[in-house]
Amino acid sequence: MTTSPLFYQAGPAMPEVSHAHGVFLWDAQGKNYLDGCSGAISCNLGHGHEAIRDAMLAQLDRVAFTYRTQFENAPAVALAHELVAMTDGELEKVFFVSSGSEAVESALKLARQYFVARGEPQRRHFVSLRPSYHGSTLGALGVTGYQPLEAPFTDITPGSIKVPGPDFYRAGQTDRGAHIRHVLNETRAQIEAAGGDSVIAIVVEPVGGASTGARLVDKTYLEGLRQLCDEFGCLLIFDEVLCGIGRTGHWFAYQQWGVAPDLLTTAKGLGAGYYPVGALLCREALVETVMANGGFQHGHTYAGNPLACATGLAAIEAIRREGLLYNVTARGQQLKHGLESLQARYSWLGDVRGLGLLWGVELVMDPVEKTPFPAEANLFAKVTALAKEEGLLIYPRRTLDGLAGDHFLISPPFTISESETELLLERLASALE
Ligand code: PMP
1 MTTSPLFYQA GPAMPEVSHA HGVFLWDAQG KNYLDGCSGA ISCNLGHGHE
51 AIRDAMLAQL DRVAFTYRTQ FENAPAVALA HELVAMTDGE LEKVFFVSSG
101 SEAVESALKL ARQYFVARGE PQRRHFVSLR PSYHGSTLGA LGVTGYQPLE
151 APFTDITPGS IKVPGPDFYR AGQTDRGAHI RHVLNETRAQ IEAAGGDSVI
201 AIVVEPVGGA STGARLVDKT YLEGLRQLCD EFGCLLIFDE VLCGIGRTGH
251 WFAYQQWGVA PDLLTTAKGL GAGYYPVGAL LCREALVETV MANGGFQHGH
301 TYAGNPLACA TGLAAIEAIR REGLLYNVTA RGQQLKHGLE SLQARYSWLG
351 DVRGLGLLWG VELVMDPVEK TPFPAEANLF AKVTALAKEE GLLIYPRRTL
401 DGLAGDHFLI SPPFTISESE TELLLERLAS ALE
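Residues 1 to 433 in UniProt numbering are what the sequence shown spells out, letter by letter.
If you want it as structure tokens, here you go:
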């Protein structure tokens, strides 16, 4: 067999995929895998969704690509209206991109340009959490708090002020209020040390994704961040690349806490695995200021093309038509109970947390001390490999900052049925056994 020229394939050899349908994928040997993590938390409507396929084919037959400065295209306008409506009009403007990193990059650049336009060029710092993940391009990586990814680039990225986020598992449920105050005080102290009028924006994921294993924030925390932003005159950016577009049972995760951002990024679930689509949503006043001062100096070739936007529209329509936000909540509860009964069986499943169909399981050596397994144990990779042997795909990570340890995400497609959710839990139980 010749060696593959692809160089992104780290880790053990992978089976070759043959085909996929619904929540299952088959390899070339005919083995099936239940997609317990929607690919990369992106194939949110499962595989082979007919309505999305039909919408894409219809758009392909009409026109696949136009450049945004040459034509207005109906799918882009319609998708932008949809997204605004999904925020209940709280964010009125949309800028399309093709990936999560591009969405974050666009948010950072728009925010900076806004302050330059307002005559506040001294604002040049972003504030973000450690751990966190916001993307792989240099700007998005600069606000990412995840050491292995940052390490080679710290001296060439814009960087950011890294503050701790809430970790309710380690703080313990009883100390929740005190923990939030502590985290917010720390954030304030670091902003003050840098100079309150030097900050452009605070960037945060309303529900942590891969970097934290679905760590949650809460209303008090987000209100606290909003207050800090208002006090220091900076902007609040919510990164909903992973948790947006229905993943938590709400169109956007922030909506359940009632604290709105100034800018919001989303991607993964928008194209639902069928086509890369991302978006930056933001307040109109920001855009007006930037557009009145030379326009937004930013853009990507494939952004907002008709095929991308027709795909995004079809995905949103399918979620609405099939009542999938309800299924996300119902199957989410089923998963929660199943994961909690596994946790009762295995003490090393330290924490089970999440919302909707976004669940994280943190693995610890000692459930009382909450000590992580040593990195050499490579536990997250072992659990993932065992799950795959049992025919279940999960999304693993290890936080290497000494702040936590191994965890994995369970985040199946919104279309998963009750019996498929049972099967997911059975396969996970076999792998953990
Ligand atoms: N932000 C968050 C919260 C993410 O989870 C990701 C992807 N895992 C990104 C940004 C980057 O998205 P992409 O991989 O599409 O560039």
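Backbone N, C-alpha and C define an ideal beta-carbon position, used for all residues, glycine too.
- DSSP links I410 through a beta bridge to W359.
- Between the alpha carbons of L108 and R320 lies a distance of about 31 Å.
- Within the DSSP secondary-structure output, F238 pairs in a beta bridge with V204 and L264.
- Only residues of its own chain outside the window of five on either side were considered, and among them G213, A214, R353, G354, H407 and L409 have a CB closer than 6 Å to the CB of G360, listed in chain order.
- If only uninterrupted alpha helix (DSSP H) runs of at least 4 residues are considered, those enclosed by the region 102–159 are 138–142 and 147–150.
- A contact between stretches requires three or more CB pairs, one per stretch, nearer than 8 Å, and the region 297–308 meets this requirement with the region 65–77.
- Rounded to the nearest angstrom, the gap between the Cα atoms of G273 and G39 is 8 Å.
- The beta-carbon separation of A310 and A51, rounded to 11 Å, does not stay under the 8 Å limit for a contact.
- Closest in C-alpha terms to F238, from the list L228, F126, S341 and P261, comes P261.
- In the three-state reduction of the DSSP assignment, A404 falls in the coil class, being assigned neither a helical nor a strand state.
- Note that the C-beta distance between L424 and G36 is below 8 Å.
- Taking non-hydrogen atoms of the ligand PMP into account, the C-beta of D239 is found less than 7 Å away from one of them.
- When secondary structure is reduced to three states using DSSP, S18 falls in the strand class.
- Proximity of the beta carbon of S411 to the ligand PMP is not indicated: no heavy atom of the ligand is located closer than 7 Å.
- In this chain, the alpha helix (DSSP H) harbouring Y169 covers F168 to A171.
- The beta-carbon separation of G278 and S99, rounded to 5 Å, stays under the 8 Å limit for a contact.
- Taking C-beta separations shorter than 6 Å and ignoring five residues to either side along the sequence, the partners of F96 in its chain run A279, A303 and G304, following chain order.
- If you draw a straight line from the Cα of L57 to the Cα of A64, it comes to about 9 Å.
- DSSP, read as helix, strand or coil, puts T87 in coil.
- Apart from sequence neighbours up to five positions away, the residues of its chain that approach P158 with a beta-carbon distance below 7 Å are G139 and G142, ordered along the chain.
- One thing to note: A201 has its Cβ within 8 Å of the Cβ of L236.
- Under DSSP, D366 forms a beta bridge with T371.
- Per DSSP, reduced to three states, the secondary structure at Y254 is helical.
- Beta bridge pairing from DSSP links A279 with F96 and T266.
- Relative to the Cα of K382, the nearest Cα in the group E426, G350, E369 and E433 belongs to E433.
- Per the C-alpha coordinates, the member of S132, G233 and E150 positioned closest to V199 is G233.
- The beta carbons of E120 and R283 sit no closer together than 8 Å.
- Judged by their CB atoms, P166 and E186 are not nearer to each other than the 8 Å cut-off.
- Checking the 7 Å criterion, the Cβ of S99 is within range of a heavy atom belonging to the ligand PMP.
- A contact between stretches requires three or more CB pairs, one per stretch, nearer than 8 Å, and the region 328–336 meets this requirement with the region 244–251.
- Of the candidates L379, L349 and W26, the residue whose Cα lies closest to the Cα of R398 is L379.
- Short note on Y274: C-beta not closer than 7 Å to any heavy atom of the ligand PMP.
- Between R226 and V259, the alpha-carbon positions lie close to 7 Å from each other.
- For Y33, the enclosing beta strand (DSSP E) stretches over residues N32 to D35.
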